[in-house]
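Encoded as structure tokens, the structure appears first; notes follow it.
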């Protein structure tokens, strides 16, 4: 089929880059920190930049950066009569969109300290939409087991105006699935430029992005973040999504993490979570430990499914390389199971396994926390 739609950015980016390149290296001892956070939807991301006077951002730690406030009533995170929400810096990455000294700062959100009616002081505390705080607490408890996570982020690229997948005929459908997975060539590998630019931006930022590939649905792609230890997995996943949205902003296209962007006989999008601990990575008992973990996961299947992504029931039908939403199963090399164990794990007597249940719009803080709670904290 032929692509019959043209995507044009709203403005000419070459003009912007003329000035960005000119002033990238000489900012008179100042740099820009772009504070990034998750808004009240639990899905969308917000950011704002501020100028800081440190001579070098390369040696900074999150604790060196100031907290910052924003209007939570405009992001669904606070009422208008008490609208201030505090951003607390948690992780720093290089900014691929500005100069070499500028940074991206991942933050989580807190209700500021305040004086109560009885005169006592209420300390700063996480707001309800802050899922990072609970995840960080759990990861602290299991540091000795060094939980590693590798998350496969699938996404679909859309025309920002029509909301229809890029490269699909207007109001119509392309050829059936089959030629698109890991494909090469015009008409099957659609909008590779977005994927490649995002890949490079993530590498520059310092994220542990381990690979990319085209997916089964035309205009669907995947990248992988990890392996990352503990809380770093959620941090890097969220920052990789922010970078993806910024890249798409430049190209004038839209990225959706909806788990079933196109109804019917088309693959959905997942966020498969690969997981291991020191015990599963140690032979010869690692394989037995994985089997124990799978039994534990089966007993809490409903708890996990309730938190593995909004709209996941549209994807997990037992078809299109998914298991059923309502039942749990695990197996070796079986992509139709809830948990897939790699073929070499029983041979090597150690390794990792893949939880295939999370949707592409998973909250990585919630998913990684639940995996640890179920397998290590009972």
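In this note's numbering, the protein residues as written are 14 to 391.
Note that CB positions come from ideal geometry on N, CA and C, so glycine has one too.
Remember, predicted model here, so these are calculated numbers, not experimental data.
1. Could you check if residue 197 is buried or exposed, using at least 16 other CB atoms within 10 Å of its CB as the buried criterion?
2. Just to confirm the assignment, what range does the alpha helix (DSSP H) spanning residue 122 have?
3. What does the alpha-carbon distance come out to for the pair residue 127 and residue 136?
4. Please identify the residue among 92, 378, 66 and 71 whose C-alpha is closest to the C-alpha of residue 246.
5. Look at the alpha carbon of residue 165 and the alpha carbon of residue 354, and state the distance between them as a whole number of angstroms.
6. Counting pairs of beta carbons, one from the segment 210-222 and one from the segment 172-182, are three or more of them closer than 8 Å?
7. Would you kindly report the start and end of the unbroken alpha helix (DSSP H) that includes residue 249?
8. So is residue 381 buried or exposed if we call it buried at 16+ other beta carbons inside 10 Å?
9. How many angstroms separate the CA atom of residue 326 from the CA atom of residue 285?
10. By Cβ distance, which residues of its chain are closer than 6 Å to residue 388, with the 5 residues on each side in sequence left out?
11. Nearest CA to the CA of residue 203: which residue from 185, 181 and 186?
12. Classify residue 14 as helix, strand or coil using the three-state DSSP reduction.
13. Give the straight-line distance between the Cα atoms of residue 113 and residue 107, rounded to the nearest whole angstrom.
14. Near residue 244, which residues of its chain fall below 7 Å by C-beta distance, leaving aside the five closest residues on each side in sequence?
15. Do residue 272 and residue 322 count as a contact pair if the criterion is CB distance below 8 Å?
16. By DSSP's criteria, residue 369 is part of a beta bridge. Which residues make up the other side?
17. When you compare only the Cα positions, how much space is there between residue 266 and residue 249?
18. Using CA coordinates, which residue listed in 261, 360 and 200 is at the minimum distance from residue 211?
19. In the structure shown, what three-state DSSP assignment does residue 345 receive?
20. Where does residue 15 land, buried or exposed, given buried means 16+ other C-beta within 10 angstroms?
21. Assign residue 159 to one of two classes, buried (16 or more other C-beta atoms within 10 Å of its C-beta) or exposed (fewer than that).
22. In three-state DSSP terms, what is residue 45?
23. Could you give the C-beta distance for residue 60 and residue 255, rounded to a whole number, given that I count them as a contact under 8 Å?
24. Over what stretch of residues does the beta strand (DSSP E) that includes residue 102 continue unbroken?
25. Cα separation between residue 188 and residue 357?
26. Quickly, what does DSSP pair residue 288 with across the bridge? List them, please.
27. What are the boundary residues of the alpha helix (DSSP H) that includes residue 383?
28. Pick from 45, 80, 105 and 99: whose alpha carbon is nearest that of residue 73?
29. Hey, would you say residue 120 sits closer than 8 Å to residue 103, going by beta carbons?
30. Any idea what DSSP makes of residue 59, helix, strand or coil?
31. Does DSSP put residue 444 in a helix, in a strand, or in coil?
32. Just tell me which of 252, 141, 363 and 56 has its CA closest to the CA of residue 47.
33. If we count the other Cβ atoms within 10 Å of its Cβ and call it buried at 16 or more, is residue 168 buried or exposed?
34. Quick one: what's residue 178 bridged to in DSSP?
35. Can you name the residues that DSSP bridges to residue 127?
36. Going by the CB atoms, is the gap between residue 90 and residue 140 shorter than 8 Å?
In brief:
1. exposed
2. Taken as a continuous stretch (DSSP letters only), residue 122 belongs to no alpha helix (DSSP H), being part of the beta strand (DSSP E) at 116-124.
3. 7 Å
4. 378
5. 15 Å
6. no
7. 244-264
8. buried
9. 15 Å
10. 306 and 309
11. 181
12. Bear in mind that a pLDDT of 34 at residue 14, under 50, signals an unreliable position, so the number given afterwards is only what the model happens to contain. Three-state result, residue 14: coil.
13. 8 Å
14. 148, 149 and 152
15. yes
16. According to DSSP, residue 369 bridges with nothing at all.
17. 23 Å
18. 261
19. strand
20. Because the pLDDT at residue 15 is just 41, under 50, the model does not fix this residue reliably, and the point stays unresolved.
21. exposed
22. strand
23. 7 Å
24. 97-107
25. 35 Å
26. 162 and 366
27. 377-389
28. 105
29. yes
30. strand
31. No answer is possible for residue 444: it lies beyond the span of the chain, which begins at 14 and ends at 391.
32. 252
33. buried
34. 171
35. 135
36. yes
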